[in-house]
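Residue numbers (my numbering): 322 to 582. Cβ coordinates follow ideal geometry from the N, Cα and C atoms, glycine included.
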């Protein structure tokens, strides 16, 4: 990092606030912006360091948001433990593969993933097969889906909630509100596994991660305050936020394909 002393810290706090605010306000999607914000705003030069550092912040954010869901009874703990235990193996293998890949190529794939996330945000969460929990052979199904979701989350250095929520519903038949609450345990666990793997290779900037998390707490508090007032406009907010993700993804593709990141 080559920013003027103090500027990098402020930018990390502000970017963390943006992620925390968006997560609290519209209920998802914010973590996908953590890596590009670290790269192109905070000034982290190495894509792998940006991914490792964002994984630390994503893990902390997920476990913090797990608490209110658990208090509300939205977490199916048995399913959460099985899914997370299987997914940890996938997350470790996926993050190991991500570390070994060229940084610019990894960012190009990450940008394509962002486009998928934007599409899913525009499409909206569906009830799917929810309401039939538990389905037959739930535990083996949870294990199989967990490994796959963990592998993708680890490879891209994300929490993977947009994968985990439908995965839990498909594998167990739980209601979407329970899938959202239960997913946070796996999101935090997968991100922590990825962060640990990257940290073992010295690919985490702990100071920036702490600043990012601190900003996320502030942004999350502000987002929670605004959530009720803006409840009627969440569809529009999702549309705007998905548009932002598309623009950032296109920019990342351009930078990574021209090796200018």
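query	result
Residue interval of the alpha helix (DSSP H) (run including residue 372)	368-392
Span separating the alpha-carbon of residue 355 from that of residue 470	19 Å
Own chain, CB closer than 6 Å to residue 509, minus 5 neighbours either side, in chain order	380, 383 and 384
The alpha helix (DSSP H) enclosing residue 501, as first and last residue numbers	497-521
Distance between beta carbons of residue 574 and residue 443, contact taken as under 8 Å	Between residue 574 and residue 443 the Cβ distance is about 19 Å, and since that is not below 8 Å, they are no contact.
Where residue 442 sits in the DSSP three-state scheme	helix
Residue 480 (DSSP reduced to helix, strand or coil)	coil
Contact between the segment 513-525 and the segment 492-504 (3+ Cβ pairs under 8 Å)	no
DSSP-derived helix/strand/coil call for residue 455	coil
Backbone secondary structure at residue 403 - three-state DSSP	helix
Simplified DSSP assignment, three categories, for residue 422	coil
C-alpha gap between residue 360 and residue 478, whole angstroms	14 Å
For residue 359, the first and last residue of its enclosing alpha helix (DSSP H)	No alpha helix (DSSP H) contains residue 359, which DSSP labels as neither H nor E.
Segment contact, 8 Å Cβ cut-off, at least three pairs: the segment 405-422 with the segment 474-492	yes
Residue 393 vs residue 506 beta-carbon contact at 8 Å	no
Sequence-distant residues of the same chain with beta carbon closer than 7 Å to residue 418, five excluded per side	476
Alpha carbon of residue 486 to alpha carbon of residue 415, nearest angstrom	19 Å
Alpha-carbon spacing of residue 525 relative to residue 371, whole angstroms	7 Å
8 Å Cβ cutoff met for residue 412 and residue 530	no
Cutoff 8 Å; reference residue 535; Cβ partners in own chain excluding five residues on either side	334 and 337
Contacting residues, own chain, Cβ-Cβ under 6 Å from residue 362 (five flanking each side not counted)	332 and 336
Where residue 389 falls, given that 16 or more other Cβ within 10 Å makes a residue buried	exposed
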